[in-house]
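Remarks on the structure that follows.
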Amino acid sequence: MPYARFVRRCAAPLCALTLCASVAPAQCPAFDGYGASWRTFTPAPIGAGSFTIAGAALHDGRLLAVTGDTVYVETATSSGVFNAGATFGLTSDPAFIAVSPDGLALAVGTGTAVVVFETSELAAQGDPAADVSATALLFGVPHYDGVWLDDTRLALSADGVVVELDVTSDPLAPSVRTLIANIDGASAGVSVDADGNLYTGNGFAFDPDGTRTGDIKAFAPALYAATPADFVHEGVLIGTVLSAVSLRFDAEGNLFVGGGDFFDSGEVGYLGVIRADAIDAALMGAGPLDIKNPAHLLRLTPVADPFAFYGAFPNHATGEIVVTYVSYDTGVATWSASVGPRPLPADIDGDNAVGFSDLVIVLSQFGSEGAGLQGDVNGDGVVDFDDLTIVLESFGDAC
């Protein structure tokens, strides 16, 4: 609708909702908000036999941390305080912890075995840690990273391949098939997007004439459905970022990338976030992202360490990115959380900016009462000076 006509139709004393259809207040893209501020905390002391801590988020927003033989659970969302939730009786240097899509199961990569047990077995707040060693399933399958493909299958990266593990199979004779082969380098991260495209990378290139350290490729389901996809010769190159570890997607399709390439490119000391639009462009044939373009790759540095080797995972319940880090000097783990989407409640018309059209909506409904009014920015059931103030104070703000 042309702007002038919109103003005329919305300038009447009572603007019918059928003419000015309700639009949810906008949120700025998560990509633009990450790193604006940080909430930093220590998840748990590093356990015996471990050099690091792996993390994930439960569906309710509480964080999980695994180290030694223990899974720790955050006491409440964003509390930054952790209690022991379960022990699995297997000393680990944790590779990963992942929550199944339905939220009912946990998979822990211990470095020696993949341990799978139900989230309901985690101890309640205030109770001692539950011993799940007798009920957990232990799969002796090599792994570096792991992600759930669905509620019964895991994708695991290890030994230059990505395999699928069926967690409903017999742990003594696990059902495993190769999804991606011939990575021709060290293991890296693995992830899957909303369309079923499988992502993995080269963690350290063995062949100087082959794929490079940090190469991240996407593989459509058709490429690995029947026979393994070939990493070198198939798939779509998304970009070359760090050492392609800790690959995880947020809810908007932005991809987190951790690690570091200390020997070739010298790309170290930051956590990368690849914008979803850059991934989509690569998948559509526009070529890999430009890592020097800040619109393609966001570089986050929550800790003042130029040689930091970061990991990351999303907390979908809070909209945060949680960046993981262990100091080589102190051996202490530090996690830093940053909220992505920044709300613009005064952006009534949803165009990602607070402007005259939003002001017109408030003025046209000024004095009106009732539920669902667009101009009721603060949601108190009436369009009044409070709503007008919110719009005026935010005037000009944009994503």
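Numbering (my numbering), first residue to last: 3 to 401. We put the CB at the ideal spot given by N, CA and C, even for glycine.
Host alpha helix (DSSP H) of residue i (start-end)
i, result
"Val364", "358–366"
"Gly35", "32–35"
"Asp147", "No alpha helix (DSSP H) contains Asp147, which is instead part of the beta strand (DSSP E) from 147–150."
"Phe387", "387–396"
"Leu285", "278–285"
Buried/exposed call for residue i, threshold 16 Cβ in 10 Å
i, result
"His235", "exposed"
"Asn295", "exposed"
"Leu225", "buried"
"Arg179", "exposed"
"Thr89", "buried"
"Thr326", "buried"
"Phe33", "buried"
Proximal residues to residue i (C-beta, below 6 Å), its chain only, five neighbours per side dropped
i, result
"Trp40", "Pro304, Ser338, Ser340"
"Asp153", "Ser102, Pro103, Asp104"
"Pro223", "Gly198"
"Phe368", "Val385"
"Val25", "For Val25, the pLDDT reaches just 44, beneath the cut-off of 50, and the residue's location in the model is therefore unreliable, although a value from the coordinates is still provided. Asp351, Gly352."
"Ser359", "Asp351"
"Asp388", "Asn380"
Whole-Å CB distance - residue i paired with residue j, under 8 Å assumed
i, j, result
"Arg487", "Phe315", "The first residue shown for the chain is 3 and the last is 401, placing residue 487 beyond what the model contains."
"Val149", "Val194", "6 Å"
"Gly203", "Asp186", "Contact flag wrong, Cβ pair sits at about 12 Å."
"His298", "Ala280", "4 Å"
"His145", "Ala160", "5 Å"
Other residues of its chain near residue i: CB distance less than 8 Å, five sequence neighbours each side excluded
i, result
"Arg155", "Glu166, Leu167, Asp168, Val169"
"Tyr74", "Pro45, Ala46, Leu66, Ala67, Val68, Phe84, Asn85, Ala86, Gly87"
"Ala284", "Ala220, Val238, Leu239, Ile240, Gly241, Pro290, Leu291"
"Phe208", "Asp186, Gly187, Ala188"
"Tyr272", "Leu244, Arg301, Leu302, Thr303, Ala310, Tyr312"
"Glu269", "Gly216, Val243, Leu244, Gly262, Asp263, Ile293"
Residue i - containing beta strand (DSSP E), residue span
i, result
"Val165", "163–168"
"Ile323", "322–328"
"Pro316", "313–317"
"Ala160", "155–160"
"Phe141", "139–141"
"Leu300", "299–302"
"Trp337", "335–341"
Sequence-distant residues of its chain with Cβ nearer than 7 Å to residue i (five each side left out)
i, result
"Asp129", "none"
"Pro230", "Thr180, Leu181, Ile182, Ala183"
"Ser245", "Ala190, Gly205, Phe206, Thr215, Gly216, Gly261, Gly262, Asp263"
"Gly381", "none"
Any chain D beta carbon closer than 8 Å to residue i
i, result
"Asp168", "In summary, chain D is missing from the structure at hand, where a single protein chain is found."
Problem set entry | alpha helix (DSSP H) runs wholly inside the segment 43–127, at least 4 long, in chain order | none
Problem set entry | Contiguous alpha helix (DSSP H) assignments of at least 4 residues, all confined to the segment 173–261 | 223–226
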